[in-house]
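> As you go down the protein sequences, you meet chains A and B in turn.
Read in my numbering, the first sequence has 682 at position 675, and its numbers run on one by one without any break.
Read in my numbering, the second sequence has 80 at position 52, and its numbers run on one by one without any break.
One structure follows; several queries about it will come next.
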Amino acid sequence: MIMQWLLAWRYLWARKLRTTLTILAIVLGVALLFGLQTLMPSIMQGFRQSMMAATGNVDLVITHVTGAAFDQDVLLQVQEIQGVASATGMLSSELPLPNQQEGPLPLTISLTGVDPISIQHIQQFPMAEGRFLMPGDQYAVVIPSTLAEKLGVKVGDGLRLPTAHGVAEMTVMGILSSAVAVGATPIYAPLTIVQTLLNKPHQINAIRVLYQSGVDPAMVESLIKARLGPNFQTEPQLTLGAFDSAMQLGEQFLAIFGIMALFLAAFIIFITFRTLIAEQRRDMALLRTVGASRRTVIGIVFWQAMFEAILGTGVGLLAGYGLAWLMILGFNPLLREMMHIEIEAPVITASNVTMAVGLGVGISLLGAIWPALVSGKISPLEALSSGWDGVEAVKKGRTRLGYLLLLFAIILFITGELGLISLGALLMLIGHVLILPALVRPLAQNLTRPLSWFFTSEGRIAQANLERQPNRAALTAATVMFSTAIVVAILSMIASSYGAFANYVDETLGADFLILPSSLVLSAGNLALSPEIEREIEAIEGVEAVATMRLSQGLVQGTPVQIIGIDPNVYPRVAGLAFKEGDETNAFQDLGQGRHIIVNGILASQMGVGVGDTIRINTTTGEHEYNIVAIALDLLNAKISTGYISQPLLASDFQETNDMVILVKAKPHAHNQAIEQQLQALFADYPTFTVMSFAEFKTSMDKMITQGLVFYYLIVLIMAIPALLAMMNTLTINVIERTREIGVLRAMGALRRQVQRMILAEALLMAMLGALLGALAGIWLAYLVVAGLSFSGFVLAFQFPWVGITVALILGLAIGALAAALPARQAARLNIVEALRYE
Amino acid sequence: MSLVITDNLTKVYGSGPAAITALDGVSLHIQSGEFVAVMGPSGCGKSTLLHLIGGLDAPTRGGVTLDNKELTSLSDDDLTLIRRRQIGFIFQFFNLIPVLSAEENAALPLMLDGVKPAIARERARSWLNRLGMGARVHHRPNQLSGGEQQRVAIARALVIEPMLVLADEPTGNLDSRSGEEIVGLLRQAVDDWGKTVLMVTHDPRIASFADRIVFLKDGRIIDETRLSGIAGDEKMVRDRLTDI
């Protein structure tokens, strides 16, 4: 064992550059995987904490099925249930906040009556100024700092609230330090006072429950349900609903990149060890001659892989943590702007460390298995022969299998079934890898022609060298192929999404003016406007029509969905929906009568429903059935499971009448600038809303998208790294292996730069080989991604990825040139005499 | 006229107590059109001398003049050009590029020098013909015998029409018959084609083909012998070696 370690270590140490490159490949894979794994929980945590700021550390929320208030004594029943640590009753109501000086200021707040003692068992109230409510407080309120700033009030100032008995004058006792990011702005007052103000004595409309630690949440919940009966509904800890699933999708997407990077790393390890065996063949044979067993020889290879795997994984974990921090620093401005969310430190858990270590070490060793086994088969006689001449043969059986797989892939592709196409894409990639060695010769010969314009004799030697080891060249080219395929796919997806996006903007938000809430994720903590504002907008001269979106939530088969109320008569005149199924005119007509709904593609695919089906939605007023009349989407809600119903229906079924988005259409030839100025003036009092002309909106959307794209470009660049490492690795090994040949060339009069150019030409040939096939595979992958997205309801038109292909080819050449730099330098610097003596 | 002049040529590897003097003040003149063999025991500095004269390595002290040009003062690129255009190398292990055919291997120095591939191949073919390899031009090294491979290597050395051919144990890896054929070709290069050859060898029989033998020991020239240029001098060479 010690001899195995010693030899393994000596071999690694003797080839420092190659060892470093291989370790770097593992580092990259582990770093990507671990970085993303630690980042995602902290993003989720960011969202949750943001939600918590509004709702507290609650395990369960109990409300009446109707949403109405109920007797406070129910709280006593809940408190008695086993497993409940604490329960508090609340009475809250959304109120328009009157302007404190003059006229109405229709800012909707949520006046929440709480019991000053028990609420603090469940929710923390960090104070910026003053104090929280205390028993004995009467007309006292505690408000968030954001509202205090907006209203310009301080501790001790008065705050006027509309009540069932007219305006009440409250005193601000404290200002909360945490800015509430998600949910309506809450104002806290003593429960008894709120019950009086709202004229609901001894009534509450929600009970928040905190479980004892260690109890089974499901059991406690069922006990509560049994005790309270069917009139009460329980909702486990506030779910992030549709957003949660979107995040999970993102998480999976990113995890795929991490795993792909790791597999590329395994591939690099495979290539490295494969050539390493070729290089150490004589030494191994010699060991066998002097009595080393097959196992010993395999062990030497295994321990080399093990050292690299452990070191690579260790450094990868650190690098991943650093990467996660970098991404957090990069994403925070974007998330702050779009969603008012701040992500904190990456979350390291035992499970994500175990997974990264397991995959890092496991996949690395997997890559070394085959070469190790081959090393065990080396015969002692080989030590006595003149050695390996380095010429590889192309295995015909493998090539045939490759073509067969490609044929299968094409057949699967023709079926049009997403699952089969996905399988086809995988087969296609494997098929390409298998046929590549056979393609090396013809492709290299063809590519040498254009190359010979720049490289004369060096190009010919490079081509011959490539043909000498078609398998090695093919494997290296394959990493370039994977990388470029991913690049083409991503760039194509971006192009297709961008095209679709531009269409959706025009089609669904093509109003002259848009009045949008602070967060474009409508359900993420926006304040809704009371509908009186519509009348005021209509009164502006030059305004032809005003369309609005109202937002509520429902449950379909237990899954949260977003329900948007629109006026089917006005909405299509001002903006529109992008219809995928069903007739637009009829759909809007139907929406005006009876329980009809238009669903977006995500909801349709999630629930497996189509036009003509019915869908049951659990609403605040009970469960109702809606007929699906069309599948269509608007841009803002394109990625969230959404249904559209008429506003009267939203009012009756969901009891929601406030506006979330307002779209304004101007009369033909109206003075748009004047309208915008008046809109701006009107909304000056609504700081959470932004008035934009269509052009401004489009510009801001473009800006947002460009910011988002940075992330994808980053992935494109990261994906190029494994290819770069693999290529550098192979070229370094080639240089080592051909040391004597390089010495002969130099002795015969090849200039240092000619040797450099020879390596460069070889790298470029390999890169072009990989990039060409990669572009081909990329088109396929791109189609798959676009089809996959369309399948999930976000329909995109496939655009042929010209840009992606161009970028991929340029990237391929760049990878080749960059990868060649170091090995070429190394080759050119070889000492001729030593090189000639090299064995 | 001396084509090669080495003046007090010294090469020391390493430094301090670990320093090894491979060549110790060797002064040697080689006339144009002369066939010189260098002999001596292993480690006596034969190959080092060849490397220094060929511009593959730089001396620690002293200098090498080739065709009136002082090599030690030249840049790496200039030295490379001299090797490419004026010196032909032949090695013990042939050192052909395994992926190139015999013709391509022989044409390589010309191609490196920017000669059009068609012309380079044509000239390579003509040399291969002269060396009796006309029928094997398209074969790759692994399809050729050792003697044939060395013929390709000689063609590669002569294709540039060099002033000087440096041969490092050219027959060391061949059987005696092939070895004699190869050294016969080197003799022919001197007699018929006007080249100058400096050859390192262990083999007295091979050395006896030369015009002059320089004996090296511990990095110094200890003796020189002129020969009549016929194989019969072999015994004399052997005797000389034994004396040394």
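Every residue gets a Cβ at the ideal spot worked out from N, C-alpha and C, and that includes glycine.
Small disclaimer: the values here were computed from a predicted structure and weren't measured.
Return the CA-CA distance between P232 (chain B) and A835 (chain A), expressed in angstroms with no decimal places.
Mapped onto the second sequence, residue 232 (chain B) falls at position 204. Mapped onto the first sequence, residue 835 (chain A) falls at position 828. So the two alpha carbons sit approximately 38 Å from each other.
> Kindly indicate which three-state DSSP category A249 (chain A) falls into: helix, strand or coil?
Counting from one through the first sequence, the residue named residue 249 (chain A) turns up at place 242. Confidence at A249 (chain A) is low in this model, with a pLDDT of 45, below 50, so the placement of that residue is unreliable and no value is reported for it.
> Within this structure, are the beta carbons of M773 (chain A) and M734 (chain A) separated by less than 9 Å?
Taking the first sequence and counting its residues from 1, one reaches residue 773 (chain A) at position 766. Taking the first sequence and counting its residues from 1, one reaches residue 734 (chain A) at position 727. Yes, the pair counts as a contact, with Cβ atoms nearer than the cut-off.
> Buried or exposed: which applies to N607 (chain A), given that a residue is buried once 16 or more other Cβ atoms fall within 10 Å of its Cβ?
If you number the first sequence from 1, residue 607 (chain A) lands on position 600. Burial call: buried.
> Can you confirm whether L837 (chain A), when its beta carbon is compared against all beta carbons of chain B, has any partner nearer than 9 Å?
Here residue 837 (chain A) refers to the residue found at position 830 of the first sequence. Taking Cβ atoms only, chain B never reaches closer than 9 Å to L837 (chain A), which makes this a no.
> Per the contact definition of three or more C-beta pairs closer than 8 Å, is the region 774–792 of chain A in contact with the region 477–496 of chain A?
Verdict: yes, contact present.
> Under the rule that 16 or more other beta-carbon atoms within 10 Å means buried, what is K223 (chain B), buried or exposed?
For the purposes of this step, residue 223 (chain B) is identified with residue 195 of the second sequence, where counting begins at 1. The residue is buried, with at least 16 neighbouring Cβ atoms inside 10 Å.
> If we count the other Cβ atoms within 10 Å of its Cβ and call it buried at 16 or more, is N133 (chain B) buried or exposed?
Here the question's residue 133 (chain B) lines up with position 105 in the second sequence. Looking at its Cβ environment, which holds 16 or more other Cβ atoms inside 10 Å, N133 (chain B) is buried.
> I think E315 (chain A) touches T29 (chain A), with their Cβ atoms under 8 Å apart; what is that distance to the nearest whole Å?
Your numbering for residue 315 (chain A) matches position 308 in the first sequence. Your numbering for residue 29 (chain A) matches position 22 in the first sequence. The pair is a contact, with the Cβ atoms about 5 Å apart (cut-off 8 Å).
> Kindly give me the distance between the Cβ atoms of Q114 (chain B) and D196 (chain B), rounded to whole angstroms, as I take these residues to be in contact under 8 Å.
Indexing the second sequence from 1 puts residue 114 (chain B) at position 86. Indexing the second sequence from 1 puts residue 196 (chain B) at position 168. Contact flag wrong, Cβ pair sits at about 17 Å.
> What residues of chain B sit near R448 (chain A), judged by a beta carbon separation below 8 Å?
Here residue 448 (chain A) refers to the residue found at position 441 when the first sequence is read from its first residue. Those do not exist, as R448 (chain A) stays about 11 Å from chain B at its closest Cβ, beyond 8 Å.
> Could you check if K144 (chain B) is buried or exposed, using at least 16 other CB atoms within 10 Å of its CB as the buried criterion?
Counting from one through the second sequence, the residue named residue 144 (chain B) turns up at place 116. Under this definition K144 (chain B) is an exposed residue.
> Within 10 angstroms of its Cβ, does S101 (chain B) collect 16 or more other Cβ (buried), or is it exposed?
For the purposes of this step, residue 101 (chain B) is taken as the residue at position 73 of the second sequence. Burial call: exposed.
> Check the Cβ of R747 (chain A) against every Cβ in chain B and list those closer than 9 Å, keeping chain order.
Here residue 747 (chain A) refers to the residue found at position 740 when the first sequence is read from its first residue. Residues of chain B passing the Cβ test: F121 and N123.
> In or out: K74 (chain B) buried (at least 16 other Cβ within 10 Å) or exposed?
Numbered from its first residue, the second sequence carries residue 74 (chain B) at position 46. Result: buried.
> How far does the alpha helix (DSSP H) with I417 (chain A) in it reach, from first residue to last?
Numbered from 1 along the first sequence, position 410 holds the residue referred to as residue 417 (chain A). Its alpha helix (DSSP H) spans residues K403 to T422.
> Counting pairs of Cβ atoms below 8 Å between the region 274–285 of chain A and the region 491–498 of chain A, do you hit three or more?
At 8 Å Cβ cutoff, the stretches do not touch.
> Mind checking I250 (chain B): buried by the 16 CB within 10 Å criterion, or exposed?
The residue you call residue 250 (chain B) lines up with position 222 of the second sequence. It counts as exposed.
> Between the alpha carbons of E551 (chain A) and E663 (chain A), how many angstroms are there, rounded?
For the purposes of this step, residue 551 (chain A) is taken as the residue at position 544 of the first sequence. For the purposes of this step, residue 663 (chain A) is taken as the residue at position 656 of the first sequence. Rounded to whole angstroms, E551 (chain A) to E663 (chain A) spans 25 Å at the Cα level.
> Hey, which unbroken runs of the beta strand (DSSP E) at 3 residues or more fall wholly within the region 430–470 of chain A?
Here no run is fully enclosed.
> With a threshold of 6 Å on Cβ separation, who are the neighbours of G110 (chain A) within its own chain once the five nearest residues in sequence on each side are excluded?
Here residue 110 (chain A) refers to the residue found at position 103 of the first sequence. With a pLDDT of only 41 at G110 (chain A), under 50, the local geometry of the prediction cannot be trusted, and the value read off the model is given with reservation. No residues qualify anywhere along the chain.
> Which runs of the beta strand (DSSP E) fall wholly inside the region 92–138 of chain B and span at least 3 residues, in chain order?
Entirely contained in the region 92–138 of chain B, the beta strand (DSSP E) runs reaching 3 residues are, in chain order, 115–118.
> D574 (chain A): buried (16+ other C-beta within 10 angstroms of its C-beta) or exposed?
Taking the first residue of the first sequence as position 1, residue 574 (chain A) is located at position 567. With 16 or more Cβ atoms within 10 Å of its Cβ, D574 (chain A) is classed as buried.
> Flag V742 (chain A) as yes if its beta-carbon sits less than 9 Å from any beta-carbon of chain B, otherwise no.
The sequence position of residue 742 (chain A) within the first sequence is 735, counting from 1. Output row for V742 (chain A): interface = no.
> Quick check on the burial criterion: 16 or more other C-beta atoms within 10 angstroms. Buried or exposed for G583 (chain A)?
Sequence index remark: in the first sequence, residue 583 (chain A) carries index 576 (1-based). By the 10 Å Cβ count, G583 (chain A) comes out buried.
> With a CB to CB cut of under 6 Å and the five nearest residues on each side skipped, what residues in its chain are close to F704 (chain A)?
Numbered from 1 along the first sequence, position 697 holds the residue referred to as residue 704 (chain A). Answer for F704 (chain A): L521, listed in chain order.
> Measuring only between beta-carbons, confirm whether T282 (chain A) sits less than 9 Å from chain B.
In the first sequence, counting from the first residue as 1, residue 282 (chain A) sits at position 275. No, no contact with chain B.
> How many Å lie between A509 (chain A) and K646 (chain A) at the Cα?
Here the question's residue 509 (chain A) lines up with position 502 in the first sequence. Here the question's residue 646 (chain A) lines up with position 639 in the first sequence. Those two C-alpha atoms are separated by around 15 Å.
> How would you call T270 (chain B), buried or exposed, if buried means at least 16 neighbouring beta carbons within 10 angstroms?
Working through the second sequence from its first residue, we reach residue 270 (chain B) at position 242. Burial call: exposed.
> Who are the near neighbours of G811 (chain A) in its chain, counting only those whose CB is closer than 6 Å to its CB and skipping five residues on each side?
On the first sequence, residue 811 (chain A) is found 804 positions in, with the first residue counted as 1. Excluding residues within five positions, the ones whose Cβ falls inside 6 Å are V495, L498 and S499.
> What residue from B:S236, B:D95 and B:D104 has the CA that sits closest to A86 (chain B)'s CA?
For this step, residue 86 (chain B) is matched to residue 58 along the second sequence. Answer by Cα proximity: B:D104.
> Shorter than 9 Å from the beta carbon of F63 (chain B) to some beta carbon of chain A?
For the purposes of this step, residue 63 (chain B) is taken as residue 35 along the second sequence, with counting starting at 1. With 9 Å as the cut-off, F63 (chain B) does not count as an interface residue toward chain A.
> Which same chain residues end up closer than 6 Å to V742 (chain A) when comparing Cβ atoms and leaving out the 5 residues on each side of it in sequence?
Here residue 742 (chain A) refers to the residue found at position 735 of the first sequence. So the qualifying residues of the chain are P830, Q833 and A834.
> Based on the DSSP output, what are the partners of S559 (chain A) in its beta bridges?
The residue labelled residue 559 (chain A) in the question sits at position 552 within the first sequence. DSSP lists A:I570 as partners of S559 (chain A).
> Pop quiz: V66 (chain B) and L77 (chain B) are said to be a contact at Cβ under 8 Å. What is the actual Cβ separation, rounded to whole angstroms?
Along the second sequence, read from residue 1 onward, the residue named residue 66 (chain B) stands at position 38. Along the second sequence, read from residue 1 onward, the residue named residue 77 (chain B) stands at position 49. With 8 Å as the limit, V66 (chain B) and L77 (chain B) qualify as a contact, their Cβ atoms being about 6 Å apart.
> Check whether chain A comes within 9 Å of H79 (chain B), counting only Cβ atoms and requiring the distance to be less than that.
Counted from its first residue, the second sequence places residue 79 (chain B) at position 51. Closer than 9 Å to some Cβ of chain A, the Cβ of H79 (chain B) qualifies, so yes.
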